[in-house]
Each structure stands twice: as C-alpha cells, then as structure tokens.
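>
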Amino acid sequence: MDRDQVIGLLQCPRTGSVLIAEGDTLRAEADTAIRYRRVHGIPVVVDFDRSILDETGILASAAASPVRRRRRSESWLRRWVATPAKHSASHVLRLLERLKAKTDRPRILVIGGGSIGNGLQAIYDDPVVDVVGFDIYASECIQFIADAHAVPLADASFDAVIVQAVLEHVLDPVQVVGEAHRLLRPGGLVYAETPFMQQVHEGAYDFTRFTDSGHRYLFRRFELIDAGVLSGPGTQLLWSIDYFFRGLFRSRTAGKVFKLLFFWLRWFDVLIPQPYAVDAAGAVYFLGARQEEAIPARAIVDYYRGAQR
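Counting from 2, one number per residue, gives the positions in the sequence shown under our numbering.
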C-alpha cells in the first residue's frame, strides 16, 4: 500500500486514538502533547516508555538497522546453504488462495517486513493484495516503524498477518501473537515461521526458540490449518557447522566457508521421516485461522507429533 494510505490507518499506541499528520510529525487526536516523528518520511510510531527501542538512537541513526544486514553479494551463498524458499512460498500460496476465496482484495500485514522474506515475493507481486509492513528500522519495504508488542493499528483491520523469522527476536512472543490476533478480522489467517534449533543470530536481539508443540501452543487462539517442520535436521546441522567453525577460528567467514563445503547435508532433510524431523528441526511453521477460544492446555500433549510418542 502507499505510505500515505497507511498513515490513515495508524493509531496512537498509547491512547488508541487516530493520528493526524502535522508537518513532519503525527499528532494523537486524544492528546495533542503526544507526537511521533518521521525519519526519511517514515513515521516512527513507538511508545518508547514501554519498549526496548531507543528513541535517541533511532533518530540519531536515521532509523538504521541495529544489526548488520546481509549484503546482496552474499545472496549466492544463501541459495546453496539456506532453507529453500519453495517451502515458504508454497505455504504462502496456500494462504493467498484461502484469502482470495473469501475477499476480492485482501489486506496483509507483515510484522518484521524490513526486507522481503524467504518465499514472500508472491504477496508483493499480486496486484489485488494490499500489503502493509513495518519493522524497527527504515527500509523501502515498510510504511512505518513500530514495536511489534504494541502495533499502532486498529482492531480487526487485516485479513492475514505474516510473522516470518520474527518471534525469536521479540521479548514477549505471547504478546506479539496476541497483537496479531487483535489485528485480524474474524477467521483471518496467520502464517508464522520460527526457529527451533538454531544458534543465536542478530546478536542482542535474539531471545527465544520454539519446538513444534510450543509453537502450536503459542498460537493456541488459532484454528490449526497446517503446521510442521520448515527446515529439518540436515539444515540444522549446517547451522551447527557454521557456528562451530566460526567459534574455532574466531571468524564469521570461516563458518560460512565450512557451511558451503557441507551444503549437501540439507538434502538429507527429505530422507528423514517427519516424526524424527520434528524432534530436531531447524525451524517450524504454523498456518492458522483466528478463533475466539483457545485450545485447552492439556490438548498440547496430544498434539505432539515427534518420534518419542
């Protein structure tokens, strides 16, 4: 969506009131003292009193990413060693098919949309889909900067929410998933990808991991459509090789070199039965539909689909 259109959807994360554009700021209608700045024209709509984000740092750096982002020159390496984009792409296409069956022009929110995620290109290319994205840093892919724990958008304003490789980077995943639930219309869809067995990445902004069962329970207020292993034990082993050799040689480059040498290990993912893959997955995914009632706590024990039943 056009950034000016999205500004019309924003609301104050403190008061919940409409935001009114005034020059290079946005003012809360309910409290004229509350104002949000823009950086390179991008609104920074964060309640800094309740966030780990630092207002001074964001403004001083022109909302640059707090961690180093992958250079384009590294993309060839990722094609050899990363989880194939086709897995994510097939799940996203299922989401799009379901959305288009319900509405002529679906609106999708991408939480952590600073870059176009693995397999997500289809939603950006589709002419009948309105995509809104935000992150904690400025990029050409987003319309505003915000904290995912308090998304400055109205209740029930989206048909789908995508949370790809984000929940490990937030302090309170339950609260963020609650925000996704709040933002979805009745029956709206959520799609998430989250690491299980991966080493720390993005440094100080990496906090937690989820098993397949833990991931399902995180989305307990959603009806299960599909869930499971996104990247299997072979891909997870590549992560371990990377971090073992970068630690041994005190060099990130060394880790990448050995990861490239052993790239073929990820091909074993297709040979490992799903129950065993569930117990040693590199990452898991969840596709679900918003519902009012949460699944019972005891149901998560029966949900387990690993090899240790």
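C-beta atoms are modelled at their ideal positions from N, C-alpha and C, and glycine is treated no differently.
When you compare each of Val178, Ile124 and Gly235 to leucine 272 by their alpha carbons, which one comes out closest?
Residue 272 sits at position 271 when you count from the first residue of the sequence shown. The candidate whose alpha carbon is nearest that of leucine 272 is Gly235.
> When you compare only the Cα positions, how much space is there between glycine 256 and leucine 249?
In the sequence shown, residue 256 corresponds to position 255, counting from 1. In the sequence shown, residue 249 corresponds to position 248, counting from 1. Cα to Cα, the separation comes out at about 9 Å.
> Helix, strand or coil, according to DSSP, for glycine 289 in the structure here?
By 1-based counting over the sequence shown, the position of residue 289 is 288. If DSSP states are grouped into helix, strand and coil, glycine 289 belongs with the strands.
> Spatial neighbours of histidine 170 within its chain, please: CB distance less than 8 Å, with the 5 preceding and 5 following residues excluded, ordered by chain position.
Looking up residue 170 in the sequence shown gives position 169. Answer for histidine 170: Gly113, Glu203, Tyr206, Asp207 and Phe208, listed in chain order.
> Between the beta-carbon of serine 140 and the beta-carbon of serine 116, is there less than 8 Å?
By one-based count along the sequence shown, residue 140 stands at place 139. By one-based count along the sequence shown, residue 116 stands at place 115. Cβ atoms of serine 140 and serine 116: closer than 8 Å.
> For valine 152 and tyrosine 277, what's the separation of their Cα atoms in angstroms?
In the sequence shown, counting from the first residue as 1, residue 152 sits at position 151. In the sequence shown, counting from the first residue as 1, residue 277 sits at position 276. Rounded to whole angstroms, valine 152 to tyrosine 277 spans 37 Å at the Cα level.
> Please give the ranges of any alpha helix (DSSP H) in the segment 254-308, keeping only runs that are unbroken, at least 4 residues long and fully inside the region.
Counting whole runs of 4 or more residues, the segment 254-308 contains the alpha helix (DSSP H) stretches 275-280 and 300-304.
> Taking the beta carbon of arginine 4 as the centre, do at least 16 other beta carbons fall within 10 Å, making it buried, or is it exposed?
As a working note, residue 4 is residue 3 in the sequence shown. Flag for arginine 4 reads exposed.
> What residue from Asp148, Phe245, Phe246 and Thr195 has the CA that sits closest to alanine 228's CA?
Against the sequence shown, residue 228 aligns to sequence position 227. When only C-alpha atoms are compared, the closest one is Thr195.
> Taking only runs that begin and end inside the segment 166-237, name each unbroken beta strand (DSSP E) of 3 or more residues, in chain order.
The qualifying runs are 185-196 and 223-232.
> Mind checking whether arginine 15 and isoleucine 35 have CB atoms under 8 Å apart?
Residue mapping note: residue 15 aligns to position 14 of the sequence shown, counting from 1. Residue mapping note: residue 35 aligns to position 34 of the sequence shown, counting from 1. Yes, the Cβ-Cβ distance between arginine 15 and isoleucine 35 is below 8 Å.
> Can you say whether leucine 262 is buried or exposed, counting buried as having 16 or more other CB atoms within 10 angstroms of its CB?
The residue you call residue 262 lines up with position 261 of the sequence shown. With fewer than 16 other Cβ atoms within 10 Å, it is exposed.
> Check each candidate in Ala282, Leu225, Leu231 and Ser62 and name the one with the smallest Cα separation from serine 241.
Taking the sequence shown and counting its residues from 1, the one referred to as residue 241 is at position 240. Nearest of Ala282, Leu225, Leu231 and Ser62 to serine 241, Cα basis: Ala282.
> From Glu23, Gly189 and Ser18, pick the residue whose C-alpha is nearest to that of leucine 96; which is it?
In the sequence shown, counting from the first residue as 1, residue 96 sits at position 95. Among Glu23, Gly189 and Ser18, the Cα nearest to that of leucine 96 belongs to Gly189.
> Decide if leucine 154 is buried, meaning its Cβ has at least 16 other Cβ atoms within 10 Å, or exposed.
Taking the first residue of the sequence shown as 1, we reach residue 154 at position 153. It is buried - the Cβ of leucine 154 has at least 16 other Cβ atoms within 10 Å.
> Between serine 74 and histidine 88, what straight-line distance do the alpha-carbon atoms span, to the nearest angstrom?
The residue given as residue 74 occupies position 73 in the sequence shown. The residue given as residue 88 occupies position 87 in the sequence shown. Low confidence applies to serine 74: its pLDDT is 45, below 50, so where it sits in the model is not reliable, and the reading given next is rough at best. Serine 74 and histidine 88: Cα-Cα distance of roughly 23 Å.
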